[in-house]
Amino acid sequence: MAAAATKKGPWTEEEDARLGWFVGLFGERRWDYLAQVSGLGRSGKSCRLRWVNYLHPGLKHGRFAPEEEQLVIQLHAKWGNRWSQIARSLPGRTDNEIKNYWRTHMRKKAQELNLFSSPSSSSSSSSSPANVPKHELESMAEEDTSAAAAFGVTEGVKVYSMDQIWDEIAASESFCEEEDDEFKMNIKIDDDNFMHNC
DNA sequence: AAGTAATTCAACCGCGAGTTC
DNA sequence: TGAACTCGCGGTTGAATTACT
């Protein structure tokens, strides 16, 4: 029994608009149901991801500010790859974004550190950085939580007021809080109306 | 200006935890 | 209480973009 194939790949503007519209109606839950009734042809998972990582109001896009970078370093040193947990401390940033950021920027920095640091000072016995394969360096970079210390960051350093952070989180979470389930179950959506309202 | 390599980032996948019935 | 369903997380991939030769 083949279910209708779910669409994959990049989202179009129309899909984004439609998703936003339906999330406004149903709230951020029941993604499978939302995916079905929206007629997007996407999986609920895909819809959720698109919303959370790209369409959610209040998301920041673009380069990380120095404060954000420092906070990521601090929190990664503290929590490791708990990206969602780290993301909660960075209003407007998603776990996916932070994860990507870490993999690119921090890996690069870690590589630089490995290259600049004296091989003899390393406790790893078998390889100097110059001889380490790229994938090895990457994993080293990923796991090297002590990199934070190398960047001159210590856990005690306060870069971003936590009050500020939580205030912003609270503000963004007040979005879309109230909705009427009965209404939602009975509502009949028609595409013309949707397009009109967009 | 063209070709190639490196980088970035959106999106997918698999799995485990939590929730509902 | 247990099965089914849903959600969220972390890891990974691949297309698009940018930088370099």
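Be aware that the first sequence starts at 1, since it is given in full-length UniProt numbering, and climbs by one per residue.
Backbone N, C-alpha and C fix where the C-beta goes; we use that ideal spot for every residue, glycine too.
Give me the residue from the options with the minimum Cα distance to residue i.
i	options	result
Q70	G9, G20, W102 and W31	W102
F64	K8, I98 and P10	I98
T6	A87, S43, G27 and Y33	S43
N96	W83, H105 and T104	W83
Express the C-alpha separation of residue j and residue i in angstroms, rounding to a whole number.
i	j	result
Q85	D16	26 Å
E68	N81	16 Å
T12	V23	16 Å
C47	A35	7 Å
A87	N100	12 Å
G62	E14	22 Å
Y33	G27	11 Å
P66	R29	34 Å
V37	W21	12 Å
H105	P10	24 Å
For the alpha helix (DSSP H) that residue i lies in, which residues bound it at each end?
i	result
H76	P66 to W79
S84	W83 to R88
G44	G44 to R50
L25	E13 to F26
Y101	D95 to Y101
L34	W31 to S38
If contacts are defined as beta-carbon pairs under 8 Å, then residue i and residue j qualify, I think. What distance do you get, rounded to the angstrom?
i	j	result
L19	L40	6 Å
W31	K8	Incorrect: roughly 16 Å between the Cβ atoms, too far for contact.
### Query
So, do the stretch 81-100 and the stretch 57-73 have three or more beta carbon pairs nearer to each other than 8 Å?
The stretch 57-73 and the stretch 81-100 touch, with three or more beta-carbon pairs separated by less than 8 Å.
### Query
On the three-pair Cβ rule with 8 Å, is the stretch 76-86 touching the stretch 47-55?
Between the stretch 76-86 and the stretch 47-55 there are fewer than three C-beta pairs closer than 8 Å, too few to call the two in contact.
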